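Structure first, commentary second.
Protein chains: 2
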Amino acid sequence: MSEAKQNKLVTVDGGNAVAHIAYRVSDICSIYPITPSSDMSELSDLWATQGVKNIWDQVPQVIEMQSEGGAAGTAHGALQTGALTTTFTASQGLLLMLPNMYKIAGELTSSVFHVAARSIAAQALSIFGDHQDVMAARMTGFAMLASNSVQEAHDSALIAHAATLKARVPFINFFDGFRTSHEINKIELIPDEQIRTMIDEELVFAHRNRALNPDNPFIRGTAQNPDVYFQGRESANSFYNAVPAIVQETMDELAKLTGRQYKLFEYYGDEDATDVIVMMGSGNQVVEETLDKLNAEGRKLGVMSVRLFRPFSMEHMIAALPKSVERIAVLDRTKEPGSAGEPLYQDVITALAEGLNSGLIDKLPRVIGGRYGLSSKEFTPAMAKGVFDNLADDKPKNHFTVGINDDVTHSSIDYDPSFNIEPDNVTRAMFFGLGSDGTVSANKNSIKIIGESTDLFCQGYFVYDSKKAGSQTTSHLRFGPDEIRAPYLITSANFIACHKSNFIDQVEMLDKAADGAVFLLNSPVGPDKVWDELPEPVQKQIIDKNIEFYVIDASTVARNAGMGRRINTIMQTCFFALSGVLPRDEAIAKIKAAIEKTYMRKGQEIVELNFKAVDASLDHLHKVKVPSKISAKHGMMPAVAPQAPKFVQEVTAPMLAGHGDDLPVSMIPVDGTYPSGTARWEKRNI
Amino acid sequence: MSEAKQNKLVTVDGGNAVAHIAYRVSDICSIYPITPSSDMSELSDLWATQGVKNIWDQVPQVIEMQSEGGAAGTAHGALQTGALTTTFTASQGLLLMLPNMYKIAGELTSSVFHVAARSIAAQALSIFGDHQDVMAARMTGFAMLASNSVQEAHDSALIAHAATLKARVPFINFFDGFRTSHEINKIELIPDEQIRTMIDEELVFAHRNRALNPDNPFIRGTAQNPDVYFQGRESANSFYNAVPAIVQETMDELAKLTGRQYKLFEYYGDEDATDVIVMMGSGNQVVEETLDKLNAEGRKLGVMSVRLFRPFSMEHMIAALPKSVERIAVLDRTKEPGSAGEPLYQDVITALAEGLNSGLIDKLPRVIGGRYGLSSKEFTPAMAKGVFDNLADDKPKNHFTVGINDDVTHSSIDYDPSFNIEPDNVTRAMFFGLGSDGTVSANKNSIKIIGESTDLFCQGYFVYDSKKAGSQTTSHLRFGPDEIRAPYLITSANFIACHKSNFIDQVEMLDKAADGAVFLLNSPVGPDKVWDELPEPVQKQIIDKNIEFYVIDASTVARNAGMGRRINTIMQTCFFALSGVLPRDEAIAKIKAAIEKTYMRKGQEIVELNFKAVDASLDHLHKVKVPSKISAKHGMMPAVAPQAPKFVQEVTAPMLAGHGDDLPVSMIPVDGTYPSGTARWEKRNI
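Set out below in structure tokens:
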């Protein structure tokens, strides 16, 4: 597509990828960290402390305020001084910015707000990802640019910063909280010289010249009355009308530099598709990968990714859709109770109705809308197929939900959860660790080793349970020869490690194992006796799925190697030894190289200690001979005491056991009201 | 329709009418006054201070906070104690309430927020009315009830308070800021016993029982994770599904008591209409009155007032539309730059598309959308006709504006401003006064006198220019035998009074005079010489329009009567003497009765002083003999100095002269940036 040569590859998460751009093109970052946008604020703060410079060879000023209201006010004020200003936020934080956002947009001020999109606290708070927050900002007059992956969020950040200078309309650059902001992926980093090429110095100068300035006094921030406010509100129309072309032009410029071509509305799939999904955010990748498989089986499916959500260009949308489309399912990752329909769904219907009126299309496709992925609820290929299947139905459900079991108002559609499209050439590894045991850090390190020293692509995503430190973490790592486009949790792992021995009695993990998977258990019980310690369901899974079962007493190895209770290097070594991501010797060499790099400053002795631990790991890693029959005399440990009351048995217990996703709507309190005093029934012997 | 007998009639403004209800059904009003909702907060505060009781014989607690954020947090907290809680707000104030509103709705909490809908500060702040604020709250999960007049806002407040208890969904009760909140009209007041009938005590008890309570502990306000948040968000669907029927049922109950029947979607017009306007708020009355006239001429027009905007009931909307409809113009009193269309427009299209899909209609009417009335921009019968005319066009403008001249993006539609439907039997009086001269108070008093002591209906609306005290006020009063349904300024007055003599040189006022109107000028110049003092355009209007011209030296009368500079009673007396609203003797008797009532506490002497002023007024009121020819040697005084710069000449001057409405979009700064130092060019010899 382009002669652009490949830039440096790095393994970073979405927050880092976005902050990298935002920081480099800003004079001021006004911040108030809120999950899942915090990393962007905190990285900017760290970089400023370290003296990292922006593309103008200056260290940006990072200003932390008392709330997002203050951060937005500071941004508004800083912009009025002519400073290139950015901020990072999410959820209620974005809500507190709304009043200033109307002003910033009304004054046609170039700026980008980066949003790791998150749920809004309603029946309960949630720190997780969906689009409720950005949808609540869609009337402010900000342009809104969505992206679907770590690479795209990185690219989109630069497109937004470049386009806002051309358009004078401020931008929200948004991407899925956690799923994109916290997914580690291997991306091409845009080097500073390309950033400089994208940012037009003349426009920066023009922005600075619009500053309030005592040497060139004028008034901004007046009151207007019925006589002229309406005219004033309409006076910016031409600026909004120009945005779509400006953004496309900016996307094209980026494509020339990087080879990565984006479009305002990006269609993927069969050129003669009859059934098309329209959506925003990471779910697009899920649908793309899914329909490749389904189209190969003869279906005619497509997906249209909406990148420029505001201003919404009817003409571009209709041009991007195949003429053959008969049915459209619009997926919104939000919920607006009582609305006539979720926002993207209504936009698509409106655009099609206008397209029909203006003769751009000659018949209205059937359009239905659905909700998915609220609060980082998984959106999987199985669900994507379910959406296509519902769409193809004679009487498709409208205003449907997918991914839950709504047994009350029956909004949910069915899907087959066993539908799976993970390619065989991808290593899919899961690690069950304790909140503070170093498992997540070691896995991030493994991704870095593999991502930056091999041609393999990689992905890491980390799930923390609700109780943070001292509780369970699950790491989901993928490695493979092609770009990893799988923004959902692993359900078919070919490597599973249990880093905390007693989790094996409490947490179902081998239900996620693929046939023939490797299972590594950290246990003080030796290879001869460990089998008999396993609960019945685990033995059954190991036998039924032909699982290769390994055990290591990592705690003893760590203690003997003088590393105290730090088992993470040892378990990491075993992962490399067993997973087959890299040849074993190469892997061990790379671990040792990483150790050398990390610890050399602390002296050769520490390095040798770690080397010894690596070697000892392999010496103490044992394959367990798996009997052909179940011998266990106990099952999984119940999550709650048997005398616990009904609600605890029926709702709390499945949540504790990791089966909260299966709870139907009828089991969840309608108004966020829970019985109190239920913690005492939990059996959390971590 | 009902056997309900008429309740007591009162003349009040919309804010008072709404607060009257809200106060009576609340335990707690948590307030932070913001224009144009301030009166509701301040009245509640006053009533509490005076010991006025709610329907449970308690004095509600009125709590003023530091901002609307605090008021909303207090409301949320108070509701969680089981208190019936209300608040009043608008504009940015509502924006600051959004985070708490998501929580209040998510927790299914019965409450009503009363909103005098107002613009949001964008390119400039504006205190005036449109629906930008409530539209920014449409995703919170609050139900939203719109009303179109003072009476309706009063009724709607009670419907909302009654329905929220049944539905558990909180309500926004909104009405047009200023146009409804500050219009004085004669309404039937719902007496306390009817309020008690509407408010179900069992449901109040149920609300109190849902309070957080140490004697019955439970938890509300938790965090939810990806496993259950989505189910939790969907768990309230059935509550939202139930709202439309609940609201209709509540409307029906009110109808039984009062005879005033409302519907969720209320259609008015030809039963076989081909062209229908859909809208919310006071503009509906304008369209209703306009189409009566046009339908009488053979057109087939209708208007559908949307009362329950959220939850939006597709079925009810379609059922309310005549089957014959071919074309629909949806009018939104808001602007969301970059949207695919304004919100009500998108809702109507969505509902129709779904109605088509589900077979409720067999063909999609052509739907266009337009914006009107931003920031209290006038919406007149002439504009309503313009909207119908555009709709009937072969190629109607979509996303149009009406009421402005958009010479940049050409969104505006044409209309004939001379189109006028004011009935002959309505007295239409305008008063030009000084900001602090008592004109407005006297006019409010006149309305009260006429409204409460005669069978006449009445309306008052007061326009303040941008500079508040010391500047111009224009009072618009209507009196007539039928309900006054004219929520727009008077453009064809049959009585005009100029209370400040030098305004005659500065302010065009007789351009609003009807043929044969009465013009009363307060002037120190006597009846023989006053003609020669008038500027040429005023003389011309008086002659051309056959105006009866009266003069009084009110300042001298006031001084002589020992009333200092207070001319308002004198001018009021002249109005009653000249306007013909009441027979002169009856009018004078009523003024004197009002004086007696007001001043008796201060002693008979003060009463006599005022009586004397009234009688002296009539003695000093002179009819001026109008010559048949213009004799003036001067024109109107220019609003700015002739050496003022271009912007001041072209933009500031028309605004100062009261012609800001005529400024085209191209003349208004795109980003709210104005030249500074322009005040010195103003000639404001007030």
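For the protein sequence lines, the chains are A and B, in the order given. With numbering that gives the first Met the number 0 applied, the first sequence corresponds to residues 0 to 685, in that order. With numbering that gives the first Met the number 0 applied, the second sequence corresponds to residues 0 to 685, in that order. By construction, the Cβ of each residue, glycine as well, lies at the ideal position given by its N, Cα and C atoms. These numbers were taken from a predicted model, which means no experiment stands behind them.
Rounded to the nearest angstrom, what separates residue i and residue j at their Cα positions?
i	j	result
B/P637	A/H75	38 Å
B/A468	B/S435	Unreliable positioning characterises B/A468 in this predicted model, as indicated by a pLDDT of 46, which lies under 50. The coordinate reading is nonetheless provided below. So the two alpha carbons sit approximately 6 Å from each other.
B/K596	B/Q603	11 Å
B/A640	B/V24	56 Å
A/G372	A/G402	7 Å
B/K394	B/S474	40 Å
A/A586	A/E421	24 Å
A/L520	A/D271	50 Å
A/I629	A/D514	18 Å
A/P534	A/E607	39 Å
B/A319	B/L95	35 Å
A/S237	A/L107	11 Å
B/E337	A/A166	Per the sequence shown, the amino acid found at residue 337 of chain B is Gly instead of Glu. Near 13 Å, if we compare the C-alpha coordinates of A/A166 and B/G337.
A/V168	A/G280	22 Å
B/S1	B/M570	Because the pLDDT at B/S1 is just 47, under 50, the model does not fix this residue reliably, and the value given afterwards should be weighed accordingly. Roughly 43 Å separates the two Cα atoms.
A/I489	A/D481	17 Å
If you count every other CB in all the chains shown that lies within 10 Å of the CB of residue i, and 16 or more means buried, which is it?
i	result
B/M599	exposed
A/S357	exposed
B/G432	buried
B/A121	buried
A/R679	exposed
A/Q345	buried
B/D405	buried
B/F378	buried
B/R564	exposed
A/K511	buried
B/S375	buried
For residue i, list the residues DSSP reports as bridge partners.
i	result
A/R477	A/R427, A/Q458
B/S411	B/T400
B/P674	A/F217
B/F174	B/A115
A/A352	A/A352 pairs with nothing; no bridge assigned.
B/R370	B/D331, B/T400
A/Y31	DSSP, once it has assigned bridges, lists no residue as partnering A/Y31.
A/R259	DSSP output for A/R259 lists no bridge partner at all.
A/M143	A/I171, A/R309
B/N521	B/I551
A/F264	A/V305
A/V701	Nothing about residue 701 of chain A can be read from this structure; chain A reaches only from 0 to 685.
A/G432	A/T472
B/R365	B/R326
Check the C-beta distance from residue i over to residue j and give it rounded, since I have them as a contact under 8 Å.
i	j	result
B/D464	B/Q458	With 8 Å as the limit, B/D464 and B/Q458 do not qualify as a contact, their Cβ atoms being about 21 Å apart.
B/L509	B/V550	In fact, because the Cβ distance is near 14 Å, the residues do not count as touching under 8 Å.
A/F173	A/A116	5 Å
A/P59	A/D26	6 Å
Flag residue i as yes when its Cβ comes closer than 6 Å to any non-hydrogen atom of the ligand ZN, and as no otherwise.
i	result
A/Y598	No copy of the ligand ZN occurs in the structure displayed, which carries no ligand at all.
Fill in: Those runs of the alpha helix (DSSP H) which lie wholly inside the segment 535-571 of chain B and span at least 4 residues
535-543, 553-559
Discussion item. So within the segment 589-669 of chain B, which uninterrupted alpha helix (DSSP H) runs reach at least 4 residues, ignoring any that extend past its ends?
Written reply: 603-619, 652-655
Fill in: Every unbroken alpha helix (DSSP H) within the segment 57-131 of chain A, with a cutoff of 4 residues, ordered by chain
67-79, 90-105
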